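In our numbering, the protein residues as written are 6 to 333.
Cβ atoms here follow ideal geometry from the backbone N, Cα and C, with glycine treated the same way.
For clarity, every value in this text was computed on a predicted model and none was experimentally measured.
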Ligand code: SAM
C-alpha cells in the first residue's frame, strides 16, 4: 500500500518488550513497566494478523525484534511459520546476540534469512557498562555462529554516543576487513534515555564518514541486501562494508517504507511519534478478521506522518516509550 510517494512493504514485528540487557541509552536500570502477559499478542494471533494483511497491504519483508526477540520462548516455531507466508520474501531478526551462538543454526533452518546484531563496543568492560551486564565474548561467538550458519548478510549496528563509544568507530570499521560483516553506524536518537541524549548529543554520519575517509580511504560501495536507509562505503580491499544510518542529520522519512507492530498489538507508523498509532489487538480479540482487519492497517498507513519532528540538533520531543517497548 502507498502513502503519498511511499510504498509500505516492510514490517518491524516486535514479539516482546522484555530484554536480557539494560543498555544505558535504551532502558532505565530498574522500574520499567513490563507488559502483562495477557497484553502480548500470542504467536497464533500474530500469525493470524500478518497472514491476513500481508497480501492486501503488500508486505514483502519482516524483521523480528523486541525487546530481545530471542528471549521469548517458541521463537523458532514463529520463524518457521512466518517463513511460510508466501508474500514474505525477506525474513530477518534484530538481536543483541547473547543467545545467538546456540540459536543461529536452528534459526537458519527454521527459515530465517539474515540477522542484525547490536554491538556498541569491542571492549569487554565498556560493554558491561553500556549494557549494564551481558558478556561480549558471547556476542562475538554469536556473530561468528551467524556467519558460519549461513545467515547472510550479517549486519552489526553501533549506536555512536559522543564520549561513550565514539572512539571505537575505527576499530568497528576494521571488523569488515577480513570477515563478511556489514558494520553500520547509527546516530543516537533522543528516544529511551533522552536525558543522556540531551547531555551527549549525537555525532553526525558526515562527521564519522570523514574520519573513516581519512583513516581508511573508504569509498562508496554497494551495500548488502536489506530494506533500510543505510548508505554504504567500504575500506578498499575489505570483504564487508560500512554503512551510515542518519535518522537525525539526514532523515529518511520521505522514503520510509516501514510500519511497526508492537508486542501489545499497536500498529505504529513512525518510530518517533507517540501520537499516531492504531490498536489492532482489541478489535482482533473481539473478532475482527479479513477486510475489517486490513482496514485498520490501511487507516494506520493513511495516518503515517510525512516526517518526524526532531530538529537536526537532536533536541526534539520526549518519547513515552523506549525502543524496547516500541520494537527497535
Ligand atoms: N534487543 C535487540 C537488539 O539489541 O538488537 C532488538 C531491540 S533493540 C531496542 C533495537 C535497536 O535499537 C538496537 O540496535 C539499539 O541499539 C537501538 N536503539 C535503542 N535506543 C536507541 C537510541 N536512543 N538511538 C539509536 N538507536 C537506539
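Am I right that residue i and residue j are in contact with their C-beta atoms under 8 Å? What's the rounded C-beta distance?
{"i": "residue 264", "j": "residue 16", "result": "6 Å"}
{"i": "residue 304", "j": "residue 250", "result": "Residue 304 to residue 250, Cβ: 29 Å. No contact."}
{"i": "residue 332", "j": "residue 71", "result": "6 Å"}
{"i": "residue 183", "j": "residue 244", "result": "6 Å"}
Cα separation between residue i and residue j?
{"i": "residue 310", "j": "residue 59", "result": "21 Å"}
{"i": "residue 254", "j": "residue 209", "result": "6 Å"}
{"i": "residue 21", "j": "residue 100", "result": "12 Å"}
{"i": "residue 293", "j": "residue 185", "result": "45 Å"}
{"i": "residue 272", "j": "residue 229", "result": "28 Å"}
{"i": "residue 227", "j": "residue 327", "result": "32 Å"}
{"i": "residue 288", "j": "residue 298", "result": "8 Å"}
{"i": "residue 76", "j": "residue 23", "result": "8 Å"}
{"i": "residue 103", "j": "residue 143", "result": "6 Å"}
{"i": "residue 317", "j": "residue 206", "result": "The predicted model places residue 317 with a pLDDT of 46, which falls under 50 and marks its position as unreliable; any figure quoted below should be read in that light. Distance between the alpha carbons of residue 317 and residue 206: 10 Å."}
{"i": "residue 14", "j": "residue 275", "result": "14 Å"}
{"i": "residue 178", "j": "residue 108", "result": "26 Å"}
{"i": "residue 194", "j": "residue 295", "result": "37 Å"}
{"i": "residue 39", "j": "residue 96", "result": "27 Å"}
{"i": "residue 131", "j": "residue 85", "result": "36 Å"}
{"i": "residue 217", "j": "residue 123", "result": "20 Å"}
{"i": "residue 214", "j": "residue 308", "result": "35 Å"}
{"i": "residue 235", "j": "residue 212", "result": "15 Å"}
{"i": "residue 285", "j": "residue 237", "result": "36 Å"}
Under 7 Å, do residue i and residue j count as touching if we go by C-beta distance?
{"i": "residue 147", "j": "residue 26", "result": "no"}
{"i": "residue 19", "j": "residue 268", "result": "yes"}
{"i": "residue 164", "j": "residue 151", "result": "no"}
{"i": "residue 135", "j": "residue 28", "result": "yes"}
{"i": "residue 220", "j": "residue 175", "result": "yes"}
{"i": "residue 8", "j": "residue 306", "result": "yes"}
{"i": "residue 6", "j": "residue 63", "result": "yes"}
{"i": "residue 329", "j": "residue 32", "result": "yes"}
{"i": "residue 156", "j": "residue 119", "result": "yes"}
{"i": "residue 140", "j": "residue 170", "result": "no"}
{"i": "residue 111", "j": "residue 83", "result": "no"}
{"i": "residue 117", "j": "residue 105", "result": "no"}
{"i": "residue 301", "j": "residue 283", "result": "yes"}
{"i": "residue 154", "j": "residue 113", "result": "yes"}
{"i": "residue 262", "j": "residue 30", "result": "no"}
How should residue i be labelled, buried or exposed, when 16 other C-beta atoms within 10 angstroms of its C-beta is the threshold for buried?
{"i": "residue 260", "result": "exposed"}
{"i": "residue 202", "result": "buried"}
{"i": "residue 320", "result": "With a pLDDT of 41 at residue 320, under the threshold of 50, the modelled position of that residue is not reliable, and no figure is offered here."}
{"i": "residue 225", "result": "exposed"}
{"i": "residue 290", "result": "exposed"}
{"i": "residue 231", "result": "buried"}
{"i": "residue 35", "result": "exposed"}
{"i": "residue 181", "result": "buried"}
{"i": "residue 74", "result": "buried"}
{"i": "residue 246", "result": "buried"}
{"i": "residue 241", "result": "exposed"}
{"i": "residue 312", "result": "exposed"}
{"i": "residue 68", "result": "buried"}
{"i": "residue 168", "result": "exposed"}
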